[in-house]
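Visitor:
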C-alpha cells in the first residue's frame, strides 16, 4: 500500500469517519507499532438533565487545523510516537454519533495510551471549536467546565 | 438495531476483528456514552533486534475467556463504564496485524481512558495466553518482562 | 481594514460572524477590542482569547498591520 | 484420573499438551506437581502458576477430586 491511498492524518470534516480506515492508515506508517490507543468522543443524547437531539459545531477552521497539526507534532515528539491522527467533525452531529477521533501508535502500550489522553485534553484546551446543543426546548452553546 | 446483531462483548478468536463493528456494538448499549477509549495491540515485525515474521498464540481457552469476562465485569463496576469489550486473537498472526482489542465506553473521557489502560495491564497479568515469535532463525516463546 | 471574525456563542451575541474595522497607523489589538466591546458588551463578556492571523495573541498591546485577521473567542468547547 | 494440561512453553518442554495422572484418595495439588516435576524438570523450571478446574490455585495443599483438570502454567505473555 502506498501512503497516497490514505486521507490526511489531521482533518476537520462534516462527514463521519471509519476507525478501521484510520487505524489502517496509522499502521501503514510502521510495522514497529506494538500499541495503538484511540479515543472517540460521541454526542450524548442527554446533558444536564435535558434531552439533546443534535450537536452543532462551529470552528475557526484554519486555526483549528493548524492547532491540531501542532498538537500531533508535539505528541509525536513528547511520547516518541510512530504516528498519530486527529479527526474532528463540524456541522451537525446526531445524538449517539461520533464527534472526534484521536489515535496514537507507539512501540509499546504505555506511551500510546498516555499520548491519547494528553491529545484529547490538549485539544479541548487549545483548538478553537465550539459546540451548541440542540434540544426540544431550544439551542444553547456549551460552556466548558473550567 | 437489536442486540442480537452483535457478536459477544468478550471473545477469543482466530479471525481478525473490525474496530468499526466493535465500536458500533459498544455504542448500541447507550446513547449516554460521551467517551470511548480503545487499545489495539499489534504484532511488531522486529523484537529485541530480530526480525519477526509471525506470532503464534496458545491459550488455555476456557480459563482465558472466563478471566476476560471477569476483567470486563470488574472494569464496568470500578470505572462506572456503560460498556466494555475485549477481543483476543489466537492461532498465527502476521507482522503488522492486530492481536488484541479493548474498548471502554463511559459518560466522560477520563474513566474511559483509565479503564482501557487498566484492562490491558490486567489482561497481560491475568489471562492465560502465551505468544511465540516466529523468526527466520527459529521460533521462541516470549518471556514477559516482570 | 482589519477583518474581525466571531465564532459560536460570540458570533451569536454579536449577531454577525465578521465585521470590518478601519485600520489606522499605530493601531493595537486593544484598540480593536475597545471599539467592538462598546458596540457588543454582551459578546465581550464571554470573550477569553484573541488571535491575530491565526495565532493566539496574549498581549493586547500587540501592534496590528493593515489587513490583519483578528478573532475574539470564548472558551473552546470542541472535542 | 487427573487430567493435567500444559500450554505454550511448558507444553513444549513437556513434549505434550495433556497427560493423565492416576487419582488416589487424599491426593493434593502438590502431589501431582511433585510427580510431574520429577519427569519434566525443565518444564517445571518455568512454571509460575497452577489452576484447578479453570481457577487459579495458590495453595499447593489443595485437595483434588477425581477427574479434576489441573494446569501448570508459565508467566502469561498474551495481549
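Protein chains in written order, with this note's numbering: chain A, 15 to 160; chain B, 15 to 160; chain C, 3 to 81; chain D, 3 to 81.
The beta-carbon is built from N, C-alpha and C at its ideal position, and this holds for glycine as well.
(1) Applying the 10 Å Cβ sphere with the 16-neighbour rule, what's the burial state of residue 52 of chain B?
(2) My parser needs the alpha helix (DSSP H) runs of 4 or more residues fully inside the stretch 25-85 of chain A; what are they?
(3) Using C-beta distances below 6 Å, list every residue in its chain close to residue 129 of chain A, excluding the 5 sequence neighbours before and after it, in chain order.
(4) Between the stretch 46-79 of chain A and chain B, which residues of the former have a C-beta closer than 7 Å to a C-beta of the latter?
(5) Mind listing the chain A neighbours of residue 7 of chain C? Cutoff is C-beta to C-beta under 9 Å, in chain order.
(6) Please work out which residues of its chain come closer than 6 Å, Cβ to Cβ, to residue 71 of chain D, disregarding the five sequence neighbours upstream and downstream, and give them in chain order.
(7) Mind listing the chain A neighbours of residue 62 of chain C? Cutoff is C-beta to C-beta under 8 Å, in chain order.
(8) For the alpha helix (DSSP H) that residue 20 of chain C lies in, which residues bound it at each end?
(9) Using a threshold of 7 Å, is the CB atom of residue 49 of chain C nearer than that to any non-hydrogen atom of the ligand FMN?
(10) Which word fits residue 97 of chain B, buried or exposed, when buried means at least 16 other C-beta atoms lie within 10 angstroms of its C-beta?
(11) Taking 8 Å as the limit between beta carbons, can you name the residues of its chain near residue 28 of chain D, skipping five residues before and five after?
(12) Note down, in chain order, each residue of its chain lying with its Cβ closer than 6 Å to the Cβ of residue 42 of chain D, except the 5 sequence neighbours on either side.
(13) Give me, in chain order, the residues of the same chain whose beta-carbon lies closer than 8 Å to that of residue 46 of chain B; leave out the 5 immediate sequence neighbours on both sides.
(14) Do the stretch 16-31 of chain B and the stretch 141-160 of chain A meet, that is, are 3 or more Cβ pairs less than 8 Å apart?
(15) Looking at chain B, is there any beta carbon in it that lies within less than 8 Å of the beta carbon of residue 100 of chain A?
(16) Am I right that residue 108 of chain A and residue 68 of chain A are in contact with their C-beta atoms under 8 Å? What's the rounded C-beta distance?
(17) Distance cutoff 8 Å, beta carbons only. Does residue 36 of chain D sit that close to anything in chain B?
(18) Quick one: what's got a C-beta closer than 6 Å to residue 62 of chain D's C-beta in the same chain, skipping five residues either side?
(19) May I ask you to list, following chain order, the residues of the stretch 36-61 of chain D that have a beta carbon less than 7 Å from some beta carbon of chain B?
(20) Considering just the uninterrupted stretch of the alpha helix (DSSP H) at residue 124 of chain B, what are its terminal residues?
(21) Does the stretch 57-64 of chain A come within contact of the stretch 75-83 of chain A, defined as at least 3 CB pairs closer than 8 Å?
(22) I need the boundaries of the alpha helix (DSSP H) containing residue 31 of chain C, first residue and last residue.
(23) Which residues, in order along the stretch 143-159 of chain B, keep a beta-carbon less than 8 Å from a beta-carbon of chain D?
(24) Which word fits residue 17 of chain A, buried or exposed, when buried means at least 16 other C-beta atoms lie within 10 angstroms of its C-beta?
(25) What in chain C is Cβ-close to residue 84 of chain A, meaning under 7 Å?
(26) Quick check on DSSP: helix, strand or coil for residue 73 of chain C?
(27) Residue 13 of chain D lies in the alpha helix (DSSP H); which residues open and close that run?
(28) Residues of chain A with CB closer than 8 Å to the CB of residue 75 of chain C, please, in chain order.
(29) Would you verify that the beta carbon of residue 69 of chain D is, or is not, closer than 8 Å to some beta carbon of chain B?
(30) Can you look up residue 115 of chain B in the DSSP assignment and give me helix, strand or coil?
(31) Considering only residues of the same chain and omitting the five flanking positions on each side of residue 20 of chain B, which have a CB-CB separation below 7 Å?
(32) Under three-state DSSP, which class holds residue 107 of chain B?
(33) Just checking: is the beta-carbon of residue 20 of chain D within a distance shorter than 8 Å of some beta-carbon in chain B?
(34) Under 8 Å Cβ to Cβ from residue 154 of chain B, same chain only, skipping five residues before and after it: list those, please.
(35) Answer yes or no: do residue 123 of chain B and residue 48 of chain B have a C-beta to C-beta separation smaller than 8 Å?
Guide: Let me spell this out:
(1) Buried: at least 16 other Cβ atoms inside 10 Å.
(2) Correct list: 33-41.
(3) Once the five neighbours on either side are set aside, the close Cβ partners of residue 129 of chain A are 89, 93, 95, 118.
(4) So the list reads 46, 47, 48, 49, 50, 51, 52, 53, 54, 55, 56, 58, 59, 60, given in the order they occur along the chain.
(5) Within chain A, the C-beta atoms nearer than 9 Å to that of residue 7 of chain C come from 74, in chain order.
(6) Apart from sequence neighbours up to five positions away, the residues of its chain that approach residue 71 of chain D with a beta-carbon distance below 6 Å are 5, 55, ordered along the chain.
(7) Neighbours of residue 62 of chain C in chain A, taken as residues whose beta carbon is under 8 Å from its own, are absent, since the nearest beta carbon is some 18 Å off.
(8) That residue, residue 20 of chain C, is in no alpha helix (DSSP H); its beta strand (DSSP E) goes 20-23.
(9) As far as ligands go, the structure on display features none, and thus does not contain the ligand FMN.
(10) The residue in question, residue 97 of chain B, is buried, as its Cβ has 16 or more Cβ neighbours within 10 Å.
(11) These residues qualify, in order along the chain: 65.
(12) Scanning its chain for C-beta atoms nearer than 6 Å, with the 5 sequence neighbours on each side dropped, one finds around residue 42 of chain D the residues 16, in chain order.
(13) Same-chain partners within the cutoff: 96, 121.
(14) Contact check between the stretch 16-31 of chain B and the stretch 141-160 of chain A: fewer than three CB pairs, one atom from each, fall below 8 Å, which does not count as touching.
(15) No, residue 100 of chain A lies away from the interface with chain B (no Cβ there is under 8 Å from its Cβ).
(16) About 5 Å separates the two Cβ atoms, so the contact holds.
(17) False, the Cβ-Cβ gap to chain B never drops below 8 Å.
(18) Excluding residues within five positions, the ones whose Cβ falls inside 6 Å are 31, 32.
(19) Here the close residues are 53, 56.
(20) First-last of the alpha helix (DSSP H) with residue 124 of chain B: 123-140.
(21) Of all C-beta pairs linking the stretch 57-64 of chain A to the stretch 75-83 of chain A, fewer than three are shorter than 8 Å, placing the two stretches out of contact.
(22) Unbroken alpha helix (DSSP H) run through residue 31 of chain C: 31-41.
(23) In summary, the residues of the stretch 143-159 of chain B whose CB is separated from some CB of chain D by less than 8 Å are 143, 144, 145, 146, 155, 156, 157, 158, in the order they occur in the chain.
(24) Low per-residue confidence applies at residue 17 of chain A: pLDDT is 49, beneath 50, and the placement is therefore not dependable, though the value from the model is reported in the following sentence. Its Cβ having fewer than 16 others within 10 Å, residue 17 of chain A is exposed.
(25) Correct list: empty, because the minimum Cβ distance to chain C is about 10 Å.
(26) Reduced to three states, the DSSP call for residue 73 of chain C is strand.
(27) The continuous alpha helix (DSSP H) containing residue 13 of chain D extends over residues 10-16.
(28) Ordered by position in chain A, the residues that pass the 8 Å Cβ test against residue 75 of chain C are 74, 142.
(29) For residue 69 of chain D, the closest Cβ of chain B is not nearer than 8 Å.
(30) Secondary structure of residue 115 of chain B (DSSP, three-state): strand.
(31) Around residue 20 of chain B: 39, 42.
(32) Note: residue 107 of chain B maps to strand in three-state DSSP.
(33) No, its Cβ sits nowhere closer than 8 Å to a Cβ of chain B.
(34) Sequence-distant Cβ neighbours of residue 154 of chain B in its own chain, meaning closer than 8 Å and more than five residues away, are 146, 147.
(35) At a Cβ-Cβ threshold of 8 Å, residue 123 of chain B and residue 48 of chain B count as neighbours.
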